[in-house]
Structures are given as structure tokens and as C-alpha cells.
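Structure, as C-alpha cells:
Protein chains: 2
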Amino acid sequence: MTVELICVGTELLLGNIVNTNAAFLAEQCAALGLSCYYQTVVGDNPERLLQTVRTAFSRSDIILLSGGLGPTKDDLTKETVAEVFGAALLEDTASREMIAAYFQTRGKIPTENNWKQALVPEGGRAVANRNGTAPGIIMEKEGRHVILLPGPPDELKPMFTEEIAPYLRRLSGEVISSVTVKIAGIGESSAETKVADLMEKQGNPTLAPYAKLGEVHFRVTARAKTEAEAAALNAPLVEELKKRFGSFVYTTDETVTLEKTVADILQRRGLTMTVAESCTGGMLAARMVNVAGVSEVLKAGFITYANEAKSSLLGVKEETLRQFGAVSSQTAGEMAQGAARAAGADVAVAITGIAGPDGGTAKKPVGLVYISCYVCGEVNTQEYHFIGSRMKIREYAAVSALTQLRSMLVS
Amino acid sequence: MTVELICVGTELLLGNIVNTNAAFLAEQCAALGLSCYYQTVVGDNPERLLQTVRTAFSRSDIILLSGGLGPTKDDLTKETVAEVFGAALLEDTASREMIAAYFQTRGKIPTENNWKQALVPEGGRAVANRNGTAPGIIMEKEGRHVILLPGPPDELKPMFTEEIAPYLRRLSGEVISSVTVKIAGIGESSAETKVADLMEKQGNPTLAPYAKLGEVHFRVTARAKTEAEAAALNAPLVEELKKRFGSFVYTTDETVTLEKTVADILQRRGLTMTVAESCTGGMLAARMVNVAGVSEVLKAGFITYANEAKSSLLGVKEETLRQFGAVSSQTAGEMAQGAARAAGADVAVAITGIAGPDGGTAKKPVGLVYISCYVCGEVNTQEYHFIGSRMKIREYAAVSALTQLRSMLVS
Chain L
2 MTVELICVGT
12 ELLLGNIVNT
22 NAAFLAEQCA
32 ALGLSCYYQT
42 VVGDNPERLL
52 QTVRTAFSRS
62 DIILLSGGLG
72 PTKDDLTKET
82 VAEVFGAALL
92 EDTASREMIA
102 AYFQTRGKIP
112 TENNWKQALV
122 PEGGRAVANR
132 NGTAPGIIME
142 KEGRHVILLP
152 GPPDELKPMF
162 TEEIAPYLRR
172 LSGEVISSVT
182 VKIAGIGESS
192 AETKVADLME
202 KQGNPTLAPY
212 AKLGEVHFRV
222 TARAKTEAEA
232 AALNAPLVEE
242 LKKRFGSFVY
252 TTDETVTLEK
262 TVADILQRRG
272 LTMTVAESCT
282 GGMLAARMVN
292 VAGVSEVLKA
302 GFITYANEAK
312 SSLLGVKEET
322 LRQFGAVSSQ
332 TAGEMAQGAA
342 RAAGADVAVA
352 ITGIAGPDGG
362 TAKKPVGLVY
372 ISCYVCGEVN
382 TQEYHFIGSR
392 MKIREYAAVS
402 ALTQLRSMLV
412 S
Chain W
2 MTVELICVGT
12 ELLLGNIVNT
22 NAAFLAEQCA
32 ALGLSCYYQT
42 VVGDNPERLL
52 QTVRTAFSRS
62 DIILLSGGLG
72 PTKDDLTKET
82 VAEVFGAALL
92 EDTASREMIA
102 AYFQTRGKIP
112 TENNWKQALV
122 PEGGRAVANR
132 NGTAPGIIME
142 KEGRHVILLP
152 GPPDELKPMF
162 TEEIAPYLRR
172 LSGEVISSVT
182 VKIAGIGESS
192 AETKVADLME
202 KQGNPTLAPY
212 AKLGEVHFRV
222 TARAKTEAEA
232 AALNAPLVEE
242 LKKRFGSFVY
252 TTDETVTLEK
262 TVADILQRRG
272 LTMTVAESCT
282 GGMLAARMVN
292 VAGVSEVLKA
302 GFITYANEAK
312 SSLLGVKEET
322 LRQFGAVSSQ
332 TAGEMAQGAA
342 RAAGADVAVA
352 ITGIAGPDGG
362 TAKKPVGLVY
372 ISCYVCGEVN
382 TQEYHFIGSR
392 MKIREYAAVS
402 ALTQLRSMLV
412 S
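Protein chains in written order, with the numbering used here: chain L, 2 to 412; chain W, 2 to 412.
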């Protein structure tokens, strides 16, 4: 079945916000085995919206619309779809009650315009919105399925996951099952080259690459009559990917991040960790603290941006700083060992580098970063050369630190 | 003049990447005074791409296409546009030489398929790509202007800024001038309510809100015959916004961030700063280190995630932790004072809170955060209640810390 996305909202046309809804919905649809050929953004304009919906109706089985369900006069999606369907708008009692309750629990009085959100085109059904006032809508006509979702991502995402994805699964009559193979430590081009043949000849299952900063995720997706059959179709390709990428694969669990993987390894081994960050300025620690429950593993960390801080907080020798400089493998190694000592931790990761745009020299250019990992007495320091903006260099340094630490822990 | 965006790439339809190009181009076009009514995403499919370009040609003055200019067989944008124009593809010598040079400086040998990137539709002109292999293309026909841009954002953005924006400015025959009024410390709804009347009656200049996390930016844009006239049109509206928002306005310089503003204030006063972060885990320090040259101001910082770290590194009293808990205004105040002492800094910002999703109680729910600012002996602690995911709560805490510190420094 084909699906088409229509995102409604003038703020999207003005570039006021980035269209994260389209990426989310597109990825969800791909995971559901639906083929998406068009995404359109259109403004809060009745004629253009009508034209866009009609065009979608003429060429796609499923039409997902986001935005334009709110209480203001610019919110027109429901009215427009009702017009395309030739349906009247009727008040849905349950929706009206939910809107009333939403305002009551917040101690606020709804303005009159809020009640139009309880209107549903005749023949359609309302989908409860647990995180906002506007219910979603599902309508079917002439074999087409039209789904209206609220624009705010924090309302759209839960509604899609809880209500719409199950609905779409039932439509296809098939089961779609995915496994995501996540790798870190190999660049995107190299990773895709390693599996170019698999990508070329993919059928069922499909193989889709997702590039993240410092990581590549390969989603393997199969369609079959049952979950068990689909899983069986996925398995050989997943095994082939694990074989080709070896220990660069850090998880096949869609929900697990690189930092969670590292935190889990440390927790299983009863190890504590600290950080000593210079140019990353806290980015690495912040990634570790992304993990709920990391308090078992991370107790303290140090931002040592100035040379004096490297000495006073971590015990880096003045002689080392003088002879080799702040950005050197020697300094990185002393930072890691010093941090472990100062924090009383089993493991320490130190990062020192030149984030730019200034500060680079011929010998030590912008992007030069040393990362040192200390694990129970053993030290491993690596040199990196990152290319990009100040922000990019620091982000690459943080993910490379996680990758380097994991590699040292699992080897 | 109207502009339409077409983003080409199957990876966008699969949701593999978020369409940041569309947001960037849309915002740039708005700043140039161009009206954008449609954005479309289409895959690497010749027929659908052709249909999409033809549709755009029928309804918009300017068509911006991104993506599909690379060397692979999936890269079809140029061929498709040439077909719409009925133009042959001719090799552009300068482009071929630039592609050859690009590979040479990297010590790589280009594969055969790279040379097709040097082809330009007859009547079009190539636009140099300083950051990649594929040149951009500008073509004009029957009053329509078609611009092809490379897909990778790090290639598209500089090319647009350096080459395309000046071209578009000349097309309109007018000067467009913008001023961005950035405010922090007021929520988006409240901010827009404060200027609802101004938004309603906007003409020339226009007034567009941009919601960021913890901030709202209002872009004031005027069109006129000269820069001076446009600036004069903007000035009264900018003054009105500054009057209504008072000290919540932290800059009217488009390029200046909240963290840079804080760093600049500290630097001007010769003050140094440190941080003591618990739940934010380094996010605040990382924001300060976003600022190139922050080394004048930030020398050291502490991640004190565990209670013991709050005591051992910052001197927070065990009695305080026992009586009031880690998440309390008392602990936050001692963290700030202790950090200033430990780092020898004039200013310190401490954050302690419950990021969730676990750890909340009836008395101290998820989202409760205390932020304490110490400035040259004076301490100001505030209590916050954030709503959202673990990540959102921490991001809000970090931006609120910057806002609270700035507020204390300027008052």
C-alpha cells in the first residue's frame, strides 16, 4: 500500500521550525512496510490545502495529514478533508468531554473556539489525544484511508504509536517485523560499501541505512503472514551484517543507545566511571547522563577547560603541559589517570583537543583531538582528526570517546 | 515572487534523515521576502520527479531543488530538469576541472561516474561547490527561475548563502532587511500573546515568530528600494518589541546565542565562571563551551551526579543533604558557593533536579529543578517545574540556568 504525507502549517513554509514530523512519520511508515512516494508541506490556505488533499487522494492509498487541527481560524485541515469527502462536521461527545476535562485539570477556562476541535467529519472516528486538545481523525472512503494528526510532535508521536500504527498494521494484512543493527566506529561510506551487494539485491527483507553522527544503523525489515515467519526472514540478513561488522555492532535493540550500551557494560561489571573533558566541555558526561539509572555508574566528572584546571583538579604535571602541550597524548593520559584517582572511579575517559575555529597551528590543526581511556589501571590513548565546525568536532569527539571506551571494555 | 521547494531523495521518504534543508531554505526565502506556498519531497524516481518539477513550473516563479546531483545512478535531478527545459546536457569545463582538483587534493582517484556532475543543461550556468563535487545549477526559462542545489546540508548551506541568496536578491529588485529580536525567559504562548496585535496587523515590515527551546525569536523583515529605507521601516517595530519585552530581550544580533551573550557579559566585567551540574550532567558547561573564546571566562566545572560528589568536590554539608535532600534550594545554594570556591571563580551556576522518568515522588515530582546562581558573593536560587521527557527536562534546565544567570548579571 502507498502512503502520502501532507504536513500542514505556514510555520513550516516559513522555515520557523524543522519538519521533524515528516521524518518521524516517514520512518514509521517504512517500518510498517508502507511505500511513501510523496511528502508535501502546504500552508494554512484553504484552496491550496484542498488541491493538495485532492491530488493525494488521486494517487495514494493512505494519506497522513499533520497539523491544522487546533482551535484557531488558521486550523483548516478537518474542514478541508470533510469537503473532499462531502461529509458534514458533527460534534463528537467524547471528544468534547475530553477537551473540557483537559482545561479543567489545568485550572483554565477554554475559549469558545476550542469546541470546534470536537467536530468530526461524518463517517469518521475520533482518536483520543492524551497530550493535547485536538483529537486525531480516521476516515475511509473508496478504499482510501485518511488520517489526521495534531501538529505538535509531542502529541503526534504518542498518538501515532499508540493508535495509528496498530490501525495501519491491520490494514496491510501482513506482519512487518524489523531489526536494527547499530554500528559505531566506522564511517557511513565505508559501512555502506561493506554491504553494497546486500543493498543492491535486497527484496524481502529490505535493508535501509540510517546515518547518525558517528554511527550507522541498518534496519532489516521483513513482511510475512506471521511475526514468526517475518522474524525468520530477517534472521539470516541480521546474522550476515553481524558477521561483516563484527564488534563494531553494539546492539540490535532499536531502543538502546551507545551510551546505554556503555553504561550497561559498566554496571554489569560493577565498575564506576568518570570523565575529564576539555574541548567537549561536558558533552560526554551529558551523553552518559542521558541514561536513566546511570547513577550506579557515574558519580562525578570534571570539566577541565584551562590548563590550571587540568593540574589542580586532575594532577596533570606542569612539566607535561609545558613539554607536550594541553593537546597531546601525554596530557590526555594524565587527565584520565588523574580523574580516576580524583573521583575514585574504576574507569575514566579524558578528552583534549582543538575544537576551533581558532587555535589551530600547522603542527596541531583544528580538529586534532586525543581521547584517553583508563580502565582498571590500563590506559589506551588514541589520536583523532575531525573535520567540521566547532560543534561538529566536539560532537564527533564525544561519540568517538564512547566508541573507544566500549571497544576497550569488550576487547 | 513565489518560490517552491522540491527536496529530492528516497532517504527523506524513508525518514532516514530529517529534512533540515527544507527548513533552512524556507527560512532563507522568507528572509529574502519570497513567498513559499509548497514544499515537496520526492524520491529518486524519474517519472515522479518529472511530474513534480512540471507541477512546480506551472505554479511558482522560482523553483529550488535540493539533492540528486551526485555521481550515482540514483542522481537524476539535473537530467530531469534538462528534460523539462528541453535542453541538452553539455560538459562545463570549469566544473570538470574543479571535480578533478577536489579528488586530487584528497589524494583520491575519481570513479568514472563522477564526471557526469560536470554536465550542465544548455542555457544554464554552474555554481561552484566549495565543499563537494557537484556544482549547483541556475537556469531561467519563460520567466521561471530553477535552481539546483546539492543535497548534503554542509554543501547546500554555504552555496546558498554565498551564491544563490545574492542571485535571488537581484531578482526581486528590492532590498530585504531583517532584524531578529531574541527573547529568553518567557514561554512561547505568552510571548505571542504579548504581540498578537502586532502580528495581526503586520504589513511591511512582517513579524515572524520562531520558537526555540526556552527562547522565542521575532524576526522583523522589511522590503524597500534601499537598505536604509528598509532599516528605517524595521526600526519602529523593533523598538516596540524591545519596549514590550524589556530585559527579556537578550540580543538583536542574529548571530549571537544566549550562551555567547552570557560569556560576553562575564568577559566585559572580567569575571570567571564555573558550573556544578547534577541532573544536567554537563549540558550547561557544554553550552558555554559552544562559545569560541570562552576560555577567558570558563576554566573548570564539576559534574556532581552523586551525593558524595556534591560533598567531596563542592563541600556541600552532609547535614544539608540529609535534612533537605539533594534536590533542594539549600543544596543548590551550597553547590554554587562550593563550586565557586573550588574553582576559584567569581560566578557559579549549580543545577540539581529530578530529570526522570523515575525518581519522582509526590513531594518532589519529576521535573522539579533548583538552579542557584552565585555572583561575587550574592546567591539567587530559583525553583522550576519542567514537564517532558528526561532529555527535555534537562535541556530546559540548562537554558533556564543561562537565562537566570543573565538576568542576575544585568539587573
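Ideal Cβ positions, reconstructed from N, Cα and C, are used throughout, including at glycine.
From the options, residue whose alpha carbon lies closest to that of residue i
i	options	result
F86(W)	D76(W), I100(W) and G144(W)	G144(W)
K142(W)	I63(W), G69(W) and N20(W)	I63(W)
N22(L)	P154(L), A83(L) and L14(L)	P154(L)
E228(W)	Y103(W), D45(W), T253(W) and R170(W)	R170(W)
L234(W)	V180(W), G215(W) and A277(W)	V180(W)
P111(W)	R97(W), S191(W) and D45(W)	R97(W)
G389(L)	D359(L), A363(L) and Y375(L)	D359(L)
M409(L)	V350(L), K364(L) and D93(L)	V350(L)
A333(W)	L272(W), F303(W), C374(W) and T258(W)	C374(W)
F387(W)	D254(W), V380(W), Y371(W) and V82(W)	Y371(W)
F25(W)	Q52(W), Y211(W), I138(W) and V176(W)	Y211(W)
Y1(L)	V367(L), L259(L) and M289(L)	Absent from the model: residue 1(L). The displayed extent of chain L is 2 to 412, so no value can be given.
Q203(L)	R269(L), E156(L) and E241(L)	E241(L)
T362(L)	A337(L), T53(L), K226(L) and G326(L)	G326(L)
N115(W)	A27(W), P72(W) and R49(W)	P72(W)
M2(W)	R224(W), L150(W) and E12(W)	R224(W)
DSSP-derived helix/strand/coil call for residue i
i	result
P366(L)	coil
A135(W)	coil
I388(W)	coil
C377(W)	coil
A185(L)	strand
K158(W)	helix
A402(W)	helix
K142(W)	strand
S127(W)	Before going on, a small fix: residue 127(W) reads as Ala here, not Ser. Correct three-state label for A127(W): strand.
L169(W)	helix
L35(L)	coil
A356(W)	coil
A23(L)	helix
I148(W)	strand
T112(L)	coil
I333(L)	Just to set this straight, residue 333(L) is Ala in the shown sequence, not Ile. In the structure shown, A333(L) sits in a helix (DSSP, three-state: H, G or I).
S408(W)	helix
I394(W)	helix
L15(L)	coil
P122(W)	strand
E175(W)	coil
A344(L)	helix
Buried or exposed (CB count within 10 angstroms, at least 16 for buried), residue i
i	result
Q105(W)	exposed
L238(W)	buried
S178(W)	buried
N205(W)	exposed
D45(L)	buried
Q324(L)	exposed
L214(L)	exposed
S61(W)	buried
C8(W)	buried
G247(L)	exposed
Residue-level contact to chain C via CB, residue i, 8 angstroms cutoff
i	result
V239(W)	Going by chain labels, chain C is absent from the structure shown, which instead holds the protein chains L and W.
Completely contained alpha helix (DSSP H) runs for the stretch 58-100 of chain L, where each covers 4 or more residues: 78-86
Whole beta strand (DSSP E) elements within the stretch 252-331 of chain L, 3-residue minimum: 274-278 and 301-305
Continuous alpha helix (DSSP H) assignments of at least 4 residues falling wholly in the stretch 189-251 of chain L: 189-195, 197-201 and 228-246
Where the stretch 363-394 of chain L meets chain W: residues whose CB sits under 7 angstroms from a CB there: R391 and M392
Against chain L: residues of the stretch 9-29 of chain W by CB proximity under 9 angstroms: E12, L13, L14, L15, G16, N17, I18, V19, N20, T21, A23, A24, F25, L26, A27, E28 and Q29
Chain-ordered residues of the stretch 348-359 of chain L with a beta carbon less than 9 angstroms from chain W: A356, G357, P358 and D359
Contact residues within the stretch 281-303 of chain W, judged by C-beta distance below 8 angstroms to chain L: T281, G282, G283, M284, L285, A286, A287, M289, V290, N291, A293, G294, V295, S296, L299, K300, A301, G302 and F303
Selection of the stretch 208-227 of chain L by Cβ proximity to chain W, strictly under 8 angstroms: Taking 8 angstroms as the cut-off between beta carbons, the residues of the stretch 208-227 of chain L near chain W are A209, P210, Y211 and A212, in sequence order.
Where the stretch 245-266 of chain W meets chain L: residues whose CB sits under 7 angstroms from a CB there: none
Members of the stretch 192-206 of chain L that neighbour chain W once the beta carbon cut-off is set at 8 angstroms: none
Positions along the stretch 34-55 of chain W whose CB lies within less than 9 angstroms of some CB in chain L: S36, C37, Y38, Y39, Q40, T41, V42, V43, G44, N46, R49 and T53
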